[in-house]
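Asker: Heads up: the sequence shown is residues 10 to 245, going by our numbering. Backbone N, C-alpha and C fix where the C-beta goes; we use that ideal spot for every residue, glycine too. Take a look at this one; I'll ask things after.
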Amino acid sequence: MGYYETIGVTRSGDPGFIRGISYHHHHNHRGHHHHREHRCKCFEGCCGVSLVKFNELQNEVQNCRDEKVRIVHDRDHYRTVVVELNSNYTQLNNNYTQLSEKYKQLSDTNEWHHGENARLQSDNDRLVYENDQLRRCVAGEDGQVEALKRRIKVLKRESDAKDQLYRDKSLEARELRHTIKDLDKKVGAYKERYDGAALTLRIRDRELREKEDVICKQNIEIQRLEHLLRYRRDGW
10 MGYYETIGVT
20 RSGDPGFIRG
30 ISYHHHHNHR
40 GHHHHREHRC
50 KCFEGCCGVS
60 LVKFNELQNE
70 VQNCRDEKVR
80 IVHDRDHYRT
90 VVVELNSNYT
100 QLNNNYTQLS
110 EKYKQLSDTN
120 EWHHGENARL
130 QSDNDRLVYE
140 NDQLRRCVAG
150 EDGQVEALKR
160 RIKVLKRESD
170 AKDQLYRDKS
180 LEARELRHTI
190 KDLDKKVGAY
200 KERYDGAALT
210 LRIRDRELRE
220 KEDVICKQNI
230 EIQRLEHLLR
240 YRRDGW
C-alpha cells in the first residue's frame, strides 16, 4: 500500500493537494502466482483529476494566452502595414491615372501639330510652285513676286515653329512614357506587397480565432474543475 497526491478539498474547506492511499497488488505463493491490478482509493471530496493533469492544463492555457498575445500583436502590425500599403497604392494609382491622361493629351496635341505641319508644308509647296509659275509668266511684275516671296517666308517660319513645337512635344511624350512605365512597375510592386500583407493578415486572424477557441474550451474545463472543487467543499 502506498500514497499519491491529487487535488481535493481539505478540512478547512479550501482546495489543496491531498495524499490518497494506493492499494498495490499482493502476492500469493500458494500454487499459482496471482496478480491483482493496481487501483487507487478515491476519497470523498476528490474532483476527479490528478495534480499532473491539472498543472498541464493550466500550463497549456498560459501558453495559449501567450501565443494569442503574439498573434494579436502580429495581426495589428499587419493591419497597419495593409493600411499604409493601401494608401500608397491608391496615391500611386492616382498619379498613374493623371500621367496617363496627360500623355493622351500630349499625344492628341502631337497628332494635331503633325496634321498642321503637313498642311503648312502643302501650302508652302503650292506657293513655291505658284511662285515659279509667276516668275516664268510675269517676269516684269516684281511687286507681286516679292509679295509672294514674303508670304512664303512667313509660312516657312510658321512651319519651322510648328516643327520645333512638334519635336518638343514628342520629346516630352517620350519622357512621359518612361515615367509612366516606371510608375507602372512601382504600382505592380506595391500591389504585390499589399496582396502579401493582406494574405498574412487573414492567416493571423484565422490563427487568432483558433487560439481563442482553444482558450475558451480550456477555460470551460478549468471552470468545471473549479466548480467541482467548490461543490465538494460545500458538501464536505
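Near residue 217, what residues of its chain come up, given a Cβ to Cβ distance below 7 Å and the 5 sequence neighbours on each side ignored?
Answerer: Correct list, in chain order: 77, 80, 81, 84.
Asker: Can you round the beta-carbon distance between residue 98 and residue 209 to whole angstroms, since I take them to be within the 8 Å contact cut?
Answerer: With a Cβ gap of about 16 Å, residue 98 and residue 209 do not count as contacting.
Asker: If you compare alpha carbons, which of 189, 132, 191 is closest to residue 163?
Answerer: Minimum Cα distance to residue 163 is reached at 132.
Asker: Determine the closest residue to residue 197 out of 112, 116, 107, 101, with distance taken between C-alpha atoms.
Answerer: The residue with the shortest Cα to Cα distance from residue 197 is 101.
Asker: Does the separation of the CB atoms of residue 7 and residue 66 fall below 8 Å?
Answerer: Outside the modelled stretch of the chain, which goes from 10 to 245, sits residue 7, for which no answer is possible.
Asker: So, is residue 234 buried or exposed, given that buried needs 16 or more other C-beta atoms within 10 angstroms?
Answerer: Classification for residue 234: buried.
Asker: I want to know whether the stretch 110–118 touches the stretch 180–198 - three or more CB-CB distances under 8 Å.
Answerer: Cβ pair count under 8 Å is three or more, so yes.
Asker: Within 10 angstroms of its Cβ, does residue 128 collect 16 or more other Cβ (buried), or is it exposed?
Answerer: Under this definition residue 128 is an exposed residue.
Asker: Distance, Cα to Cα, residue 206 vs residue 177?
Answerer: Cα to Cα, residue 206 sits roughly 43 Å from residue 177.
Asker: So, is residue 213 buried or exposed, given that buried needs 16 or more other C-beta atoms within 10 angstroms?
Answerer: Buried, because 16 or more other Cβ atoms sit within 10 Å of the Cβ of residue 213.
Asker: Roughly how many angstroms lie between the CA atoms of residue 68 and residue 219, to the nearest whole one?
Answerer: One C-alpha to the other measures close to 18 Å.
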